[in-house]
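Novice: Please read through the structure below; I'll follow up with questions.
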Amino acid sequence: MQVLLVEDNTLLANAVMKTLKAAGFSVNHVDSGKRALTAIRSTKPDIVVLDLGLPDLDGLDVLRSAREQGFSNPVLILTARDTTSDKILGLDAGADDYLAKPFEIDELLARLRAMERRLSNVRNPFITIGEVSIDTSSHEVSVNGESISTSRREYMLLKALMESANKIQTRDSLDSKLYSWGEEVSSNAVEVHIHNLRKKLPAGFIQTVRGVGYVVRRQAEAG
Ligand code: CA
Numbered sequence: 367m368q369v370l371l372v373e374d375n376t377l378l379a380n381a382v383m384k385t386l387k388a389a390g391f392s393v394n395h396v397d398s399g400k401r402a403l404t405a406i407r408s409t410k411p412d413i414v415v416l417d418l419g420l421p422d423l424d425g426l427d428v429l430r431s432a433r434e435q436g437f438s439n440p441v442l443i444l445t446a447r448d449t450t451s452d453k454i455l456g457l458d459a460g461a462d463d464y465l466a467k468p469f470e471i472d473e474l475l476a477r478l479r480a481m482e483r484r485l486s487n488v489r490n491p492f493i494t495i496g497e498v499s500i501d502t503s504s505h506e507v508s509v510n511g512e513s514i515s516t517s518r519r520e521y522m523l524l525k526a527l528m529e530s531a532n533k534i535q536t537r538d539s540l541d542s543k544l545y546s547w548g549e550e551v552s553s554n555a556v557e558v559h560i561h562n563l564r565k566k567l568p569a570g571f572i573q574t575v576r577g578v579g580y581v582v583r584r585q586a587e588a589g
């Protein structure tokens with residue numbers, strides 16, 4: 367994931383770059399609005415972290431120009447202007463997120479990870495494990511390329527298990543996902559849905575971890 371950091375404060379820029387690189391992002395840094403526009407055109411970064419108070423152009427103008435030129439990837443505004451109307455201006459100019467200075471570097475990282483997830487869902491909505499594939503944009507489930515029908519709740523549980531492959535999902539965490547969809551959940555709801563899902567999926571695809579919960583394993587990593 368390629369991040370373009372636009373920030374004229376060298377100390378802050380160095381600190382942010384160091385942290386992002388340590389977190390596995392690849393980072394380019396520019397310190398002015400004009401250089402930002404050139405870099406956006408030439409390197410098409412996946413995510414832009416944009417300071418508003420730049421020495422030449424206003425960050426908002428950089429953002430508007432980039433959007434006008436068709437740059438559609440996420441932009442996170444980083445700024446000391448933190449009134450509500452500033453945030454609205456930023457979002458209206460085409461920002462995807464907004465973080466007010468001073469900020470916690472961990473919060474910046476968390477927001478970038480969230481952007482990264484959204485981006486990869488848009489680019490590749492499919493999660494495939496073994497013979498089972500789900501399309502997170504259309505909510506379709508297929509086994510060996512054959513589409514199968516699942517209820518909304520079955521799909522949601524399967525997605526939760528496949529998104530976190532190799533990690534055991536406790537009944538409680540799956541329960542809370544059903545709740546978060548505004549469903550009335552009976553005490554054995556998760557078991558019932560898993561039972562029904564298993565009838566539609568290859569044998570052993572959803573494994574029970576006795577007394578704990580369920581897990582879907584990727585073969586390569588399980589071996
Ligand atoms: Ca600045």
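Just so we're aligned, residue 367 is where the sequence shown starts under our numbering, counting upward by one. Yeah, the Cβ is synthetic: ideal placement off N, Cα and C, and Gly gets one too.
Any idea what DSSP makes of A588, helix, strand or coil?
Specialist: Along the sequence shown, read from residue 1 onward, the residue named residue 588 stands at position 222. In this prediction, A588 scores a pLDDT of 41, lower than 50, which makes its location untrustworthy; no coordinate-derived value is stated.
Novice: I need the straight-line Cα distance from K410 to G436, nearest angstrom please.
Specialist: In the sequence shown, residue 410 corresponds to position 44, counting from 1. In the sequence shown, residue 436 corresponds to position 70, counting from 1. K410 and G436: Cα-Cα distance of roughly 11 Å.
Novice: Measure the Cβ-Cβ separation of Q423 and G399 and say whether it is below 8 Å.
Specialist: Locating residue 423 in the sequence shown gives position 57, where the first residue counts as 1. Locating residue 399 in the sequence shown gives position 33, where the first residue counts as 1. Note on residue identity: the sequence assigns Leu, not Gln, to residue 423. In contact: L423 and G399 (Cβ atoms closer than 8 Å).
Novice: Should D628 be counted as a contact of ligand 1 given a C-beta to heavy atom distance under 7 Å?
Specialist: With the chain covering 367 to 589 only, the question about residue 628 has no answer from this structure.
Novice: With a cut-off of 8 Å, do at least 3 Cβ pairs link the segment 489-506 to the segment 462-478?
Specialist: no
Novice: Using a 10 Å radius around the Cβ and a threshold of 16 neighbouring Cβ atoms, would you call E512 buried or exposed?
Specialist: As a first step, residue 512 must be located in the sequence shown, where it is residue number 146. Exposed.
Novice: What do you get for H561, buried or exposed, if any count of 16 or more other CB atoms within 10 angstroms of its CB means buried?
Specialist: Taking the sequence shown and counting its residues from 1, one reaches residue 561 at position 195. Counting Cβ neighbours within 10 Å, H561 comes out exposed, since fewer than 16 surround it.
Novice: Let's test the definition: count the other Cβ atoms within 10 Å of the Cβ of Q535 and tell me whether it reaches 16, buried, or not, exposed.
Specialist: The residue you call residue 535 lines up with position 169 of the sequence shown. So Q535 ends up on the buried side.
Novice: Taking the Cβ atom as the reference point for each residue, do L485 and K467 lie within a distance shorter than 8 Å?
Specialist: Taking the sequence shown and counting its residues from 1, one reaches residue 485 at position 119. Taking the sequence shown and counting its residues from 1, one reaches residue 467 at position 101. No, these two residues do not count as a Cβ contact at 8 Å.
Novice: For E373, which residues from the same chain have a beta carbon less than 6 Å from its beta carbon, with the 5 sequence-adjacent residues on both sides left out?
Specialist: Here residue 373 refers to the residue found at position 7 when the sequence shown is read from its first residue. Correct list, in chain order: A379, D417.
Novice: Less than 8 Å separating the beta-carbons of A531 and R584?
Specialist: Your numbering for residue 531 matches position 165 in the sequence shown. Your numbering for residue 584 matches position 218 in the sequence shown. In this structure, R584 lies closer than 8 Å to A531 by Cβ.
Novice: Let's see if you can read the secondary structure: which residues bound the alpha helix (DSSP H) around I406?
Specialist: Position 40 of the sequence shown, counted from the start, is the residue given in the question as residue 406. From DSSP, the alpha helix (DSSP H) with I406 extends over 399-409.
Novice: Hey, quick one: how far does the beta strand (DSSP E) through A569 stretch, first residue to last?
Specialist: The residue given as residue 569 occupies position 203 in the sequence shown. Run containing A569: none; DSSP gives neither H nor E here.
Novice: May I ask you to report which of helix, strand or coil DSSP gives H561?
Specialist: Taking the sequence shown and counting its residues from 1, one reaches residue 561 at position 195. Here H561 sits in helix by DSSP.
Novice: Spatial neighbours of K387 within its chain, please: CB distance less than 8 Å, with the 5 preceding and 5 following residues excluded, ordered by chain position.
Specialist: Here residue 387 corresponds to residue number 21 of the sequence shown, with the count starting at 1. Cβ within range, chain order: V393.
Novice: Under the three-state reduction of DSSP, which class applies to G419: helix, strand or coil?
Specialist: Against the sequence shown, residue 419 aligns to sequence position 53. It is a strand residue.
Novice: Measure from the C-beta of L474 to each C-beta in chain D and report whether the shortest distance is under 8 Å.
Specialist: Although the question refers to chain D, the structure presented lacks it and comprises just one protein chain.
Novice: Taking the alpha carbon of F469 as the point to measure from, which residue in E482, M481, A446, D463 has its own alpha carbon closest?
Specialist: By 1-based counting over the sequence shown, the position of residue 469 is 103. The option with the nearest alpha carbon to F469 is A446.
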